[in-house]
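Beneath this line is the structure, given in structure tokens, with notes to follow.
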Amino acid sequence: MSLASAGTDRLRGMRIDLKTAGPLVALILLCVLGYSLNPLFLAEGNVSNLLTRSAFIGIIAVGATFVITAGGIDLSVGSMAAFIAGMMIIVMNWAVESMGVSVGTVLLGIGCSLILGIGAGFINGFLTTKGKIEAFIVTLGTMGIYRSLITYFANGGTLSLDSDARQIYRPIYYDSLLGIPIPVWVFIVVALIGWVLMNRTAFGRYCMAIGSSEHVARYSAIKVDRVRTITYILQGLCVSLATIIYVPRLGSASSATGVLWELEAIAAVIIGGTVLKGGYGRIGGTVIGALILTAIGNILNLTEIISNYLNGAVQGVIIIAAVYLQRGSFRAGRKKTPAQ
Amino acid sequence: MSEATPDGAILSASRVSKSFGEIPVLFSIDFDVRPGEVHAIIGENGAGKSTLIKILSGFEQPTSGSIIYDGDRAVLPPNGEAEARGIVLIHQELNLAEHLSVTDSIFLGRELHRYGLLDLKTMRERARAILDRLDVRVDPDARISSLSVADKQMVEIAKAINRDARVLIMDEPTAVLSVAETKTLFEQIRRLTEQGVAIVFISHKLDEIMALANRVTVLRDGQLIATMNTSALTPDSIAQMMVGRELSNLYPPKKEPDVDAPVVLSVRGLSAPGISNVSFDLRGGEILGFAGLIGSGRTAVAEAVVGLVVPEEGEISLNGQPVAFSDVRESLAAGLAYMTKDRKGRGLLLNMGLEPNLTLATLPKHRRGGFLTASSEHQALERAVRRFDIRARDPSVGVGQLSGGNQQKLLLAKCMESDPDIVIMDEPTRGIDVGTKQQIYHIIAALAAEGKSVIVISSEMQEVIGLSHRVLVMREGRMAGLLEGAEINEAEIMRYAAGVKQGEVS
Amino acid sequence: MFLKQVTLALTATTVLAGAAMAQDEQVRIGVSIPAATHGWAGGLNWHAQEAESRIEAQYDNIDIVLVTADSPGDQASDIEDLISVQQIDALVVLPFESDPLVEPVRQAKEAGAFITVVDRGLPDTSIQDVYVAGNNSELGSVSADYMMSRLSEGDNIVILRGIPTVIDTERFDAFMAGIEGSGINVLDDEFANWNRDDGFEVMQDFLSRFPDIDAVWAQDDDIAMGVVEAIRQAGREDEMFVVGGAGMKDVIQGIMEGNELIPVDVLYPPAMIATAMDITVANFTSNGPVQGEYILGAPLITQENAEQFYYPDSPF
């Protein structure tokens with residue numbers, strides 16, 4: 001049979017649709033469930049809250065999609081976010097004391113966040129590629145380091161942003177543009193850029209190649225270490241962006257900030273159809289995964305019929321069901337493909 | 001419907017058909033194997049050999065037809081029950097856990113226990129006994145990862161013996177073995193048949209089949225062409241049955257290269273892990289063969305030249321300019337391409353479709369303004385499919401699903417995407433059928449005719465002889481000799497490769 | 001540091017009768033508490049360190065060894081080390097969880113140490129010599145009394161709870177018992193895990209769900225901080241007030257300044273660890289008996305009395 005006929009194109013289109021459909025179906029079912037339990041679920045205010053909330057995990061998960069697709073893992077993101085948030089607050093408070101409050105204070109904090117995020121990502125990448133240590137160990141190590149550092153700088157308590165600086169910074173979380181909250185805009189832009197990077201640039205293809213087989217990538221003229229390191233830097237950048245919109249929300253950071261975000265981000269990535277062992281990444285799925293995770297918590301808060309003690313169980317069931325839907329479609333796709 | 005078992009057969013398939021979804025791959029095949037017999041299955045890639053042996057060993061269920069084992073109609077489940085009943089399949093890609101020891105591997109899933117704990121001592125003793133019986137010099141405590149491919153194969157056979165295999169099915173066991181290793185394997189197989197074990201054997205090498213098999217079954221496009229006694233066949237007649245046409249001119253006629261053509265690649269005193277002091281020249285339009293036993297360092301030379309391994313010493317110059325590549329990207333940009341012999345482990349991303357594989361090494365070519373252009377990649381694939389005759393039912397399906405021949409052609413296409421002036425092909429026809437081999441040989445000759453230079457590394461001596469203008473023979477990491485013209489013959493190459501003769505180094 | 005102090009020649013300046021040990025003997029007190037993983041525990045660590053330096057400065061012969069643990073298992077190992085390596089004479093322990101720490105603490109007791117248990121009681125009270133705790137039930141009932149003083153029949157409140165544990169249940173049950181019969185309507189309760197972010201998100205959802213909320217019982221100051229942000233975001237500051245708990249310095253500062261959104265707080269002080277350490281020291285230095293239970297009150301902090309609960313240097 002010859003290639004590239006109309007028939008095969010149609011077949012390919014169908015399969016991609018099936019893969020996308022899994023998480024999307026799960027999200028739609030979840031929305032239907034949410035609406036039926038409490039019609040307020042789809043009220044404008046709640047939808048806006050939900051989207052804004054999903055932005056943190058979502059933005060971090062976009063970065064995680066690249067790391068995981070290239071066969072890595074980053075467990076440090078939650079601690080990294082707490083650490084960056086703490087350092088931003090310290091730097092901005094220092095700036096307020098020495099120079100007074102201005103928009104520049106906030107810009108300084110944002111700049112500090114970007115530098116720290118990129119730097120932290122680079123350290124993770126450098127240690128895994130040049131140091132040849134498993135990503136799991138490296139990021140487990142940096143996870144503990146960042147968590148301790150924030151506890152140390154906060155003296156075990158909470159770092160709070162100067163109240164005048166907060167007034168300037170506050171709109172970044174609480175204001176809207178064209179009716180859409182700013183964090184959601186950031187999420188949308190990050191997701192779009194992520195999608196283009198993953199699907200329309202050589203870099204994205206290289207990530208998938210490295211995740212599928214590092215050997216093949218190396219034999220195919222790909223600079224494996226450099227691409228891997230860039231994935232961790234992207235992850236750090238995403239954590240930094242998430243932190244920039246997180247800090248104005250409560251204006252504080254403590255050792256309790258960002259706890260378990262790494263697992264939520266990884267869960268969002270996997271629910272979205274990216275393969276945990278690497279080689280196949282889907283940004284669109286990750287966005288849906290982040291929405292599903294946030295929606296579960298939201299629905300549980302909006303309803304009284306489920307015992308509070310069972311919240312964790314409900315989350316677990318929905319996560320597993322979402323992944324089952326997505327894998328189910330994988331299987332349907334595979335059945336069409338004969339061996340040899 | 002009768003399901004009579006052919007006389008004396010221990011395992012037989014009766015009118016077995018198999019379809020994957022809509023696509024039929026086997027049509028009503030009859031097959032049987034008797035105790036103490038070697039029954040070879042031969043056919044082009046995609047003829048249905050692998051599917052047939054998977055059905056015989058329970059890994060696939062037939063769509064229709066039946067399997068008769070030991071006189072009874074049997075349903076062999078894929079969960080290893082077939083193995084427990086004495087039907088053992090040794091996969092082409094050996095199925096050993098790299099981190100286990102030889103003993104662990106032989107007893108995997110059949111561990112001996114004593115007082116509820118593993119009885120390590122008895123297992124080690126028995127493993128040693130089996131290995132001794134096979135005359136294999138392998139330490140029962142050695143890690144699988146430390147063994148050569150040939151030894152791993154022997155461990156697989158030892159494992160089969162330990163399971164009291166009554167039917168042993170081997171999928172291309174010799175594809176990665178050297179001549180000497182193949183000889184040892186055949187001795188083991190003969191020993192097993194003397195003990196009454198029935199052997200089903202897939203190979204592409206006609207001479208091996210003539211030497212080993214009692215009967216041959218030829219498949220073509222999922223159809224049973226014939227089952228005949230080997231004594232009634234010649235290699236030519238088998239080849240004809242396989243391809244269904246006359247096979248002439250396996251190798252294209254050699255076109256003499258221009259002796260005045262410039263030297264495009266010059267290597268002097270190259271040393272790297274596994275090789276020392278290798279020097280040679282490659283001229284424009286020349287095909288230089290690299291012969292030698294497995295492990296003689298031919299691949300190491302290629303990897304050092306293209307920058308996959310950093311050379312310890314030596315100079316490499318390209319068109320007279322000294323170069324030192326530190327990764328493949330640089331050598332590729334300089335017009336030098338290397339096609340790995342390990343197409344599944346290092347050549348292709350098995351879970352991805354044809355297109356991403358084809359363009360992986362040359363993606364920057366398909367960028368416009370930093371973004372990949374799908375149409376440009378589509379065109380590249382269409383061109384490659386035409387040029388290299390790659391056949392795939394669905395180009396988006398993972399290339400792991402393709403037959404070996406089509407994978408190899410895709411790998412060749414990928415390698416040629418960078419439009420190199422010099423191509424190093426490592427085992428370009430390993431494990432592929434005669435028809436595809438012939439296509440690849442013609443492609444290689446055509447490249448040389450265009451003025452490109454080709455290095456062919458091959459363990460198939462016929463291939464080196466049939467293609468090369470000159471042949472460099474390697475032994476134990478060093479150059480043993482360089483042959484030209486009439487010197488290029490099997491006996492002479494063997495003398496250098498085995499160390500009987502040591503030639504001057506050019 | 002410890003070795004140096006052991007070699008110090010000590011002379012008794014005062015002679016105390018009746019104490020378990022004379023003051024010229026070296027006394028080592030082990031203090032085992034959870035690590036500073038959330039605000040309240042951060043305050044706990046700060047007050048423990050403050051007390052350590054204060055006590056060591058005051059008494060030459062008392063040496064305090066402070067260890068922090070990340071999990072109950074970790075804490076059990078810490079206590080074993082305190083017994084075998086440090087050879088402690090007394091143990092002040094704030095158990096991560098009650099049940100898993102019974103045996104390690106019993107071992108310390110059997111090794112001859114004086115045992116002071118803080119906050120989370122052990123199920124077997126025969127092990128302890130002294131028990132110091134805040135009063136979770138009182139925290140609940142004081143909060144309930146305040147709610148009833150400001151609200152009337154038919155008013156609506158929402159409750160944000162902590163982490164499902166005994167502490168949380170005691171507070172919640174006492175609160176519910178306190179408002180029973182008052183006609184105050186509890187719209188819903190959800191767990192917010194003693195965490196600001198969770199407090200913010202749960203309160204956002206309460207705000208979208210319920211158009212009429214008159215008060216919020218957050219029973220913890222970290223949660224209350226998140227709740228306040230959510231209320232501000234919704235612009236509903238004028239509709240309701242929030243009652244937290246613990247005595248976080250930011251909240252107390254707000255009360256001193258007359259913040260109307262969080263007008264009061266109910267004390268559940270992390271400084272109780274200092275109380276426990278002082279009582280333990282007194283066992284070695286005072287002639288009065290110290291054995292028994294010390295239950296700290298959970299007073300209502302209002303603008304009038306806020307200043308005495310304000311520790312500006314504490315991280316909490």
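Protein chains in written order, with full-length UniProt numbering: chain A, 1 to 340; chain B, 1 to 506; chain C, 1 to 316. C-beta atoms are modelled at their ideal positions from N, C-alpha and C, and glycine is treated no differently.
Membership of residue 200/B in the beta strand (DSSP E) is indicated by the continuous run 198 to 202. At a cut-off of 8 Å, the C-beta of residue 361/B has a neighbouring C-beta in chain A.
Against chain A, the beta carbon of residue 185/C has no neighbour under 8 Å; the closest one sits roughly 13 Å away.
For the pair residue 87/C and residue 28/C, the Cα-to-Cα distance works out to about 8 Å. The shortest C-alpha to C-alpha distance from residue 113/A to any of 43/A, 233/A, 241/A is the one to 241/A. Cα atoms of residue 158/C and residue 47/A: separation of roughly 21 Å, rounded to the nearest angstrom. Counting only runs of 3 or more residues that sit fully inside the segment 159 to 242 of chain A, no beta strand (DSSP E) segment turns up. As computed with DSSP, residue 217/C is found in a beta bridge with 159/C, 243/C.
CA-to-CA, the gap between residue 221/A and residue 183/A works out to about 39 Å. With a cut-off of 8 Å on Cβ pairs, the segment 150 to 160 of chain B is in contact with the segment 84 to 99 of chain B, counting three or more such pairs.
When Cβ pairs closer than 8 Å are counted between the two stretches, the segment 49 to 65 of chain B is seen not to touch the segment 436 to 453 of chain B, the count staying below three. Under the DSSP assignment, residue 483/B falls in the beta strand (DSSP E) whose first and last residues are 478 to 484. In the displayed model, residue 321/B falls within a strand according to three-state DSSP. One finds 36, 37, 38, 42 in chain C with Cβ atoms closer than 8 Å to the Cβ of residue 255/A, taken in chain order.
By the criterion of at least three beta-carbon pairs nearer than 8 Å, the segment 294 to 302 of chain C is in contact with the segment 128 to 144 of chain C.
Rounded to whole angstroms, the Cβ separation of residue 422/B and residue 347/B is 18 Å, and the two are not in contact under 8 Å. Taking each of 103/B, 233/B, 316/B in turn and checking the Cα distance to residue 271/B, the smallest one comes out for 316/B. Counting only the Cα atoms, residue 219/C lies some 20 Å from residue 121/C. At a Cβ-Cβ threshold of 8 Å, residue 451/B and residue 320/B do not count as neighbours. DSSP places residue 171/B in the uninterrupted beta strand (DSSP E) bounded by 167 to 171. Minimum Cα-Cα distance from residue 196/C among the listed residues 312/C, 101/C, 160/C, 105/C corresponds to 160/C. Secondary structure of residue 163/B (DSSP, three-state): coil. For residue 67/C and residue 203/C, the gap between their C-alpha atoms comes out near 36 Å. Under the three-state reduction of DSSP output, residue 277/C falls in the helix class. Contact of residue 367/B with chain A is assigned, a C-beta pair being separated by under 8 Å. Within the segment 296 to 320 of chain B, the runs of beta strand (DSSP E) that reach at least 3 residues and sit entirely inside it are, in chain order, 313 to 318.
Residues of chain B with a Cβ closer than 7 Å to the Cβ of residue 279/A are, in chain order, 351.
For the pair residue 71/A and residue 278/A, the CB atoms are nearer than the 8 Å cut-off. In the structure shown, residue 45/C falls within a helical segment according to DSSP collapsed to helix, strand and coil. Excluding its 5 nearest sequence neighbours in each direction, residue 131/B has C-beta neighbours in its own chain below 7 Å: 138, 140, 158, listed in chain order. Residue 261/A has its alpha-carbon roughly 37 Å from the corresponding atom of residue 344/B. Membership of residue 103/C in the alpha helix (DSSP H) is indicated by the continuous run 102 to 110. Taken through DSSP and simplified to helix, strand or coil, residue 442/B comes out as helix. Three or more Cβ pairs drawn from the segment 6 to 21 of chain B and the segment 34 to 46 of chain B lie within less than 8 Å of each other, which places the two stretches in contact. Flagged as an interface residue toward chain B: residue 201/A, by a C-beta distance shorter than 8 Å. Among the CB atoms of chain A, none fall inside 8 Å of the CB of residue 132/B.
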